[in-house]
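Okay, so here's the structure we're looking at.
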Amino acid sequence: MNWLARLYYHYRRTLKAIKLFFIISGPGIIVMLADNDAGGITTYAATGAKYGYHLIWFLLLLLPVAYYVQEMTVRLGAVTKRGHAEAIFESFGSFWGWFSLLDLFLVDWLTLVTEFIGMTAALSIFHIPPLLTVIMVCLLMGFMVLRGRYWTWEKVALVFCALNAVYIPCAFLVKPSLSEIVHLGLVPHWPGGSTNDLFFLLMANIGTTIAPWMIFFQQSSVVDKGLLEKDIKFGQLDTLIGSAFTVLVAIFIVVVTGTVLRGVEINSAAQAIELLIENHNQYVGCLLAIGLFNAGLLGAICISLASSWAFGEVFGWAHSLNNRIKEAPWFYVCYFFTLISAGLVVLIPGAPLVLITLFVQVIAVTLLPSALVFLILLLNDEQVMGRYKNTLMQNVISWTIVITIVILSTLYALSALFPSMFN
Amino acid sequence: MKNNFKQIVTTLLNEKIGNIINDQLDRLYAINRKYSNPKITMTPTVRWALLALRLYILFLVGILFYKFFTWP
């Protein structure tokens, strides 16, 4: 009888933990799947087209990279109850604070423009004009926040996260060879030797895995959701699940383009989709177009909020999604300003969209190292973190990841600025 | 009559815009004052990391200026 009671107790306890996880989860999954934004989809499509399944092992390595960086934001947010921008101002002073805030705004705005480029390109495949796409996106994103409830926003965002599943049937529809995926994809090697092209693609893949806005977004999101220190474990699990999903989505895209577009030079995801529709499978192309639109939308949803949260924290405005427009006017002004202005840029005839895409990579590199270094330094401040500060092992892993990312992303930015440098 | 009305509106608008700008500037100064002293414990690691970051950013800004002036 005693064992039966114990079993029932464990059953109830597990059930309660699962329920609690579903309540607490959200920021990690959303930020990770939003990481696979329009630019990310292009990078994965190009990786698959250029190297087939050969770099799947490398994508798997990006799972711990994404997890270890983003997990730190969960702890920092839950312990300090402050967003990353505010934490930088408070701990490192106004110079680094203003630098991070203004750089974040610029990077976010430019990235938002690239999301709109991806979304308009995806819907133009269905003959929807860019103007209509921009209006639809702005209205939808307005609807998501105007209810004045964080939960509503999160639920809608999670629905868009679930739409990432479109890549799974795509991968099955192109009928890839499972044995080839296992033999070529899961054994670490450099396809064709260590060439500049390969190095450029590896850097691009790392660059899409960790973006500055993700750090700011997840920490603010954790604070807005009201996670406490006792919720950190669930927040970490949420981030781990999100990291696994993001890598899985990347692998499915690589499998699709690696199967049907192998050896083709891809410059944009939209180009890959058009090639698929014209030469291979129309349904796969249409599903990928939906996926590309969804990727841009999810990226836009998170990026526009990252800036608004950061400004709200620093300027002391009410800055929660639980506030209505009347209660937090400046927060929503910031949100809609970044959103609408970025959308309008795409509609300008002859706008330098290629230059903007290039500029995003370079400007992001100016912010990423400082955001990552500040994150680790804050996680090591005992006064701030108490018993949640980084352990020695976490520091070794985090510093290794950060130094590698800084070096590779700098080289990536340099190669974008000076293409002949690595030839 | 019409000119007077225009003048009043212009004065009021200027005053209002001026007030908004002044308020925001006051807020900026207040933020700078509030965060004038970094609160992090200045260990050698923190000092070196901040120095490295300053040098890194100077390097990047230099590269960007170089690219800007040599843009074809």
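Top line first, the protein sequences correspond to chains D and R.
First residue of the first sequence? That's 1 in our numbering, and the numbers climb one at a time after it.
First residue of the second sequence? That's 424 in our numbering, and the numbers climb one at a time after it.
Just so you know, even glycine gets a beta-carbon here, dropped at the ideal spot from N, CA and C.
Treat the numbers as computed from the prediction; the structure is a model and nothing was measured.
Problem - Chain-ordered chain R contacts of Thr257 of chain D [CB-CB under 7 Å] - result: Within 7 Å Cβ-Cβ: nothing; Thr257 of chain D doesn't reach chain R, min ~32 Å.
Practice task
Using three-state DSSP, classify Met385 of chain D as helix, strand or coil.
Solution key: helix
Handout entry: Segment contact, 8 Å Cβ cut-off, at least three pairs: the segment 89 to 100 of chain D with the segment 239 to 259 of chain D
Key = no
Practice task
At 7 Å on the CB atoms, spell out the chain R contacts of Ser91 of chain D, in chain order.
Solution key: Pro461, Lys462, Ile463
Handout entry: C-beta atoms of Tyr335 of chain D and Lys225 of chain D nearer than 8 Å
Key = no
Exercise for the section: Given a cut-off of 8 Å, decide if Gly48 of chain D and Ala269 of chain D are closer than it, judged by their beta-carbon atoms. Expected result: no
Exercise for the section: Decide if the segment 153 to 162 of chain D is in contact with the segment 27 to 44 of chain D; the criterion is three or more beta carbon pairs, one per stretch, under 8 Å apart. Expected result: yes
Problem - Whether Ala342 of chain D touches Leu112 of chain D by CB criterion (8 Å) - result: yes
Exercise for the section: Check the Cβ-Cβ distances between Gly97 of chain D and every residue of chain R, and say whether any is below 8 Å. Expected result: yes
Exercise for the section: Given a cut-off of 8 Å, decide if Ala85 of chain D and Phe216 of chain D are closer than it, judged by their beta-carbon atoms. Expected result: yes
Practice task
Return the first residue and the last residue of the alpha helix (DSSP H) that Arg12 of chain D is part of.
Solution key: 2 to 24
Problem - Whole-number beta carbon distance between Trp57 of chain D and Leu321 of chain D, since they are thought to touch under 8 Å - result: Actually they do not touch by this definition, with Cβ atoms about 39 Å apart.
Practice task
Only counting runs of 4 or more residues, tell me where the alpha helix (DSSP H) segments fall wholly within the segment 240 to 308 of chain D, in order along the chain.
Solution key: 269 to 279
Handout entry: Among D:Trp317, D:Lys81, D:Met136, D:Gln394, the one whose alpha carbon lies nearest that of Val222 of chain D
Key = D:Lys81
Exercise for the section: Spell out whether any CB of chain D is found under 8 Å from the CB atom of Ile454 of chain R. Expected result: yes
Handout entry: Exposure of Ile18 of chain D, with buried meaning 16 or more beta-carbon neighbours within 10 Å
Key = exposed
Exercise for the section: Look at the Cβ atom of Leu379 of chain D, then the Cβ atom of Leu76 of chain D, and state whether they are nearer than 8 Å. Expected result: yes
Practice task
Express the C-alpha separation of Leu288 of chain D and Ala46 of chain D in angstroms, rounding to a whole number.
Solution key: 14 Å
Problem - CA-to-CA distance, Ser179 of chain D to Phe494 of chain D, given in whole angstroms - result: No answer is possible for residue 494 of chain D: the residues shown for chain D start at 1 and end at 423.
Handout entry: Which listed residue (D:Leu408, D:Trp190, D:Tyr68, D:Leu186) has its alpha carbon closest to that of Gly207 of chain D
Key = D:Leu408
Problem - Cα-Cα separation, Leu184 of chain D to Tyr51 of chain D - result: 10 Å
Practice task
Could you name the residues of chain R that Gln383 of chain D contacts, counting a contact when the two beta carbons are closer than 7 Å?
Solution key: Thr464
Exercise for the section: Taking the CB atoms as reference points, tell me whether Tyr68 of chain D and Ile401 of chain D lie closer together than 8 Å. Expected result: yes
Handout entry: Coil, strand or helix - Ala157 of chain D by DSSP
Key = helix
Practice task
Ignoring anything shorter than 4 residues or poking outside the segment 182 to 220 of chain D, list the alpha helix (DSSP H) runs there in chain order.
Solution key: 196 to 209
Problem - Unbroken stretches of the alpha helix (DSSP H), 4 residues or longer, contained in the segment 55 to 136 of chain D - result: 56 to 80, 84 to 124
Handout entry: 8 Å Cβ cutoff, Lys490 of chain R in contact with chain D
Key = yes
Problem - Under 8 Å from the C-beta of Phe315 of chain D: neighbouring residues of chain R - result: Arg450, Ile454
Problem - Coil, strand or helix - Ile363 of chain D by DSSP - result: helix
Practice task
Check Asp37 of chain D in the structure and name its three-state DSSP category.
Solution key: coil
Problem - Interface flag, Ile444 of chain R vs chain D, CB-CB below 8 Å - result: no
Practice task
Label Ile431 of chain R either buried or exposed according to how many other C-beta atoms from any shown protein chain fall within 10 Å of its C-beta, with 16 as the threshold for buried.
Solution key: exposed
Handout entry: 7 Å Cβ shell around Ile424 of chain D - same chain, five flanking residues per side excluded
Key = Absent from the structure is residue 424 of chain D, since the part of chain D shown begins at 1 and ends at 423.
Problem - Within chain D, the residues that Ile480 of chain R reaches when beta carbons sit closer than 9 Å - result: Phe99, Thr366, Pro369, Ser370
Exercise for the section: Kindly indicate which residue of D:Met72, D:Thr120, D:Val260 has the alpha-carbon position closest to the one of Gly296 of chain D. Expected result: D:Thr120
Practice task
Out of D:Ile363, D:Val247, D:Gly285, state which residue places its alpha-carbon closest to the alpha-carbon of Leu62 of chain D.
Solution key: D:Val247
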